[in-house]
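Colleague: In terms of the working numbering, the sequence shown opens at residue 38 and continues consecutively.
Where a beta carbon is used, it is the ideal one built from N, C-alpha and C, also for glycine.
Bear in mind that the values here come from a model prediction, so they are computed numbers and not experimental data.
Questions regarding the structure given below will be posed in turn.
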Amino acid sequence: MTQTSTPRFRRLLVTGGAGFIGSCFVRDVLARRDGTQITILDKLTYAGNRANLAPAEADPEQAARLRLVIGDIADPSVVGPLMAEADAVVNFAAESHVDRSILDPEAFLRTDVLGVHVLLEACRVEAEKARTGKRSGAPRFLQVSTDEVYGSVETGESREDDRLEPRSPYSSAKAGGELLARSYFVTYDLDVVITRGSNTYGPYHHPEKLIPLFVTNAIDDESLPLYGDGLQRRDWLYVADHAGAIGFVLENGAAGETYNVSGANERTNRDVVAVLLERLGKPWSLVRTVQDRPGHDRRYAMDGSKLRALGWTNRMPFEEGLAATIDWYRDNQEWWRPIKSGEWDAYYRRQYETRLAGSTEAER
Ligand code: NAD
Ligand code: TYD
38 MTQTSTPRFR
48 RLLVTGGAGF
58 IGSCFVRDVL
68 ARRDGTQITI
78 LDKLTYAGNR
88 ANLAPAEADP
98 EQAARLRLVI
108 GDIADPSVVG
118 PLMAEADAVV
128 NFAAESHVDR
138 SILDPEAFLR
148 TDVLGVHVLL
158 EACRVEAEKA
168 RTGKRSGAPR
178 FLQVSTDEVY
188 GSVETGESRE
198 DDRLEPRSPY
208 SSAKAGGELL
218 ARSYFVTYDL
228 DVVITRGSNT
238 YGPYHHPEKL
248 IPLFVTNAID
258 DESLPLYGDG
268 LQRRDWLYVA
278 DHAGAIGFVL
288 ENGAAGETYN
298 VSGANERTNR
308 DVVAVLLERL
318 GKPWSLVRTV
328 QDRPGHDRRY
338 AMDGSKLRAL
348 GWTNRMPFEE
358 GLAATIDWYR
368 DNQEWWRPIK
378 SGEWDAYYRR
388 QYETRLAGST
398 EAER
C-alpha cells in the first residue's frame, strides 16, 4: 500500500470490503495507522466473509476505525446515509465469478450495474450538497473494474482507450457499471476514477476461483478440473499490489480517467497448475481435462504504462507471490474448510459433476 503521511480522504466508504480484494485494501489502509476511518458496506454474499477482516478487528486501534454495515449497494435507503458521511467511496462490491454469471446472469446485472447506479445517485446528491455549501467537497467515486471488459485479446495489450468488447455476462455487467460511472463524470461532473485490474491472486481468495480451487483440491488429493486445453492466458496480479494500486489511484488519479492495473505476469493456466502442484508435492495425474467454459476468453493482457507514468509499479514477482499464496492456503485451512462445506457442495456439483464425469486425463 502506498504510504502517504496525510491521506487525501479521511473517511472512506468501502463497498464489498469483506471480499477478496476489498478486504485486503481495508486491512492495508488500516495498518497504515494514519487515522483513516473506514465504513464497509457489504451484503456478505457467499463471497463475502467477515473472517477476512479478522486481523484488523483483532487490533483495537484499527478496529476503532472500522465499521461494518451489512447491506446491499442496490438499496438507496442504506447507501444514502453512508454516502453522506464519506469523503470517498471505493466500489469493490460485485458478483465477480464468470462461471456463476453463466449459470445466473441476473444477479450480476443487479449488483454490477444497478448497484453502481444507486451508489452514483447517492454520490450525486452529495455533490449537489457540496455545490450549495451544505457539505465541504463532493465525494470521490472509484469504480473497481476489470481487464475482462476488453474481451479476449489474441495479440498485443489493451490500452485504456481501446474498444470494450466484453463476452461474458460478468464482464458485460462490469462494462455497464464502469460506463455508467464514466457517464456521471461527463454528465454530472462527479469526481469519478476507474481502475481495470488483471486477474488477482493471493490469500483470502474464495476457493471457487482457479488458484485457490486448485490449491485446496490438490491439498485434499481431489481432481483439478482444467477447462479445455488449459492454454488460456491470464495476466496475474498479487492482491496487495492490486489493492495498493487502487489506493494510489484514489489519491492520485485524475477525475474522469481510467487506469489499467497490469500484473505484467502472463501465464497459461497449465503453467500455473504445474507450479502449484510442484510446490505442494502433488502429481500431475490429479489434473483432469474437462469441458470448456462457454465463450471462454482465450487471453487477457493490458498495457500498464499509463499508471506507471503516474508513479505506480507492482512489487510482487509472480513466483514469489504464488508460493506465498500456496503456503497461506496450506497453513490456513481453518479459513477455507468451512467455505468448502454446506452450500459449496451444491455449487460444486452444478458446476463440475457432469464435467468431471466426462473428463479425461490431462496430457502434460
Ligand atoms: P469477491 O467476490 O471476493 O468480493 C465481492 C464482495 O462484494 C463480497 O464481499 C460480497 O459480499 C460483496 N457484494 C456482492 N454483492 C453485493 C451487493 N449487492 N451489495 C454489497 N456488497 C456486495 O470479489 P473480488 O475478487 O474481491 O473483486 C472485487 C472487485 O474487483 C470486483 O468489482 C471485481 O469485479 C473486481 N476485479 C476482480 C478481479 C479478480 O481477479 N478477483 C480482477 C479485476 C477486478
Ligand atoms: P477464474 O479464476 O474463474 O478467472 P477468470 O475467468 O475471471 O479469468 O479462471 C481463471 C482461468 O482458469 C480461466 O481461464 C478459466 C480457468 N479455470 C479452469 O480451467 N478450471 C476451473 O475450475 C476454473 C474455476 C477456472
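Where are the beta strand (DSSP E) runs, 3 residues long or more, that stay fully inside the segment 226–295, in chain order?
Modeller: 228–234, 236–238, 261–264, 270–275
Colleague: On the DSSP bridge list, what partners appear for arginine 307?
Modeller: Translated into the one-based positions of the sequence shown, residue 307 becomes position 270. Bridge partners of arginine 307: none, in fact.
Colleague: Work out the CA separation of threonine 73 and glutamate 185 for me, nearest whole Å.
Modeller: As a first step, residue 185 must be located in the sequence shown, where it is residue number 148. As a first step, residue 73 must be located in the sequence shown, where it is residue number 36. Approximately 31 Å, taken between the alpha carbons.
Colleague: For the beta strand (DSSP E) containing isoleucine 376, list its first residue and its last residue.
Modeller: In the sequence shown, the residue the question calls residue 376 occupies position 339. Neither: isoleucine 376 is in no beta strand (DSSP E) and is coded neither H nor E.
Colleague: According to the Cβ coordinates, are valine 127 and threonine 237 closer than 9 Å?
Modeller: As a position in the sequence shown, residue 127 is number 90, starting the count at 1. As a position in the sequence shown, residue 237 is number 200, starting the count at 1. Taking 9 Å as the Cβ cut-off, valine 127 and threonine 237 do not qualify as a contacting pair.
Colleague: Does the distance from the CB of leucine 156 to the CB of valine 116 come in under 9 Å?
Modeller: The residue you call residue 156 lines up with position 119 of the sequence shown. The residue you call residue 116 lines up with position 79 of the sequence shown. The Cβ atoms of leucine 156 and valine 116 sit closer than 9 Å to each other.
Colleague: Would DSSP call isoleucine 110 helix, strand or coil?
Modeller: In the sequence shown, counting from the first residue as 1, residue 110 sits at position 73. Residue state, collapsed to three classes: coil.
Colleague: Quick check for students: name the residue ranges of the alpha helix (DSSP H) that lie wholly in the segment 150–183, counting only runs of 4 or more.
Modeller: 153–168
Colleague: Let me confirm a value: alanine 399 is counted as buried when at least 16 other C-beta atoms fall within 10 Å, else exposed. Which label applies?
Modeller: The residue you call residue 399 lines up with position 362 of the sequence shown. Its Cβ being crowded by 16 or more others within 10 Å, alanine 399 is buried.
Colleague: Grab the span of the beta strand (DSSP E) containing arginine 48 for me, first residue to last.
Modeller: Translated into positions along the sequence shown, residue 48 becomes position 11. Per DSSP, arginine 48 belongs to the beta strand (DSSP E) from 48–52.
Colleague: For histidine 78 and glycine 395, what's the separation of their Cα atoms in angstroms?
Modeller: Counted from its first residue, the sequence shown places residue 78 at position 41. Counted from its first residue, the sequence shown places residue 395 at position 358. The sequence shown places leucine at residue 78, rather than the histidine named in the question. One C-alpha to the other measures close to 42 Å.
Colleague: Could you work out which residue in Asp149, Val223, Trp372 is closest to threonine 183 when comparing CA atoms only?
Modeller: What you label residue 183 is simply residue 146 of the sequence shown in a count that begins at 1. Looking at the Cα atoms, Asp149 is the closest of the given residues.
Colleague: Tell me whether asparagine 306 counts as near the ligand TYD, meaning its Cβ is closer than 8 Å to at least one heavy atom of that ligand.
Modeller: On the sequence shown, position 269 is the one that residue 306 refers to. Yes, the Cβ of asparagine 306 comes within 8 Å of a heavy atom of the ligand TYD.
Colleague: In the DSSP assignment, find the alpha helix (DSSP H) that holds threonine 43 and state where it starts and stops.
Modeller: In the sequence shown, the residue the question calls residue 43 occupies position 6. For threonine 43, there is no enclosing alpha helix (DSSP H), as DSSP marks it with neither H nor E.
Colleague: From what residue to what residue does the beta strand (DSSP E) around arginine 137 run?
Modeller: For this step, residue 137 is matched to residue 100 along the sequence shown. No beta strand (DSSP E) holds arginine 137; the alpha helix (DSSP H) holding it covers 135–140.
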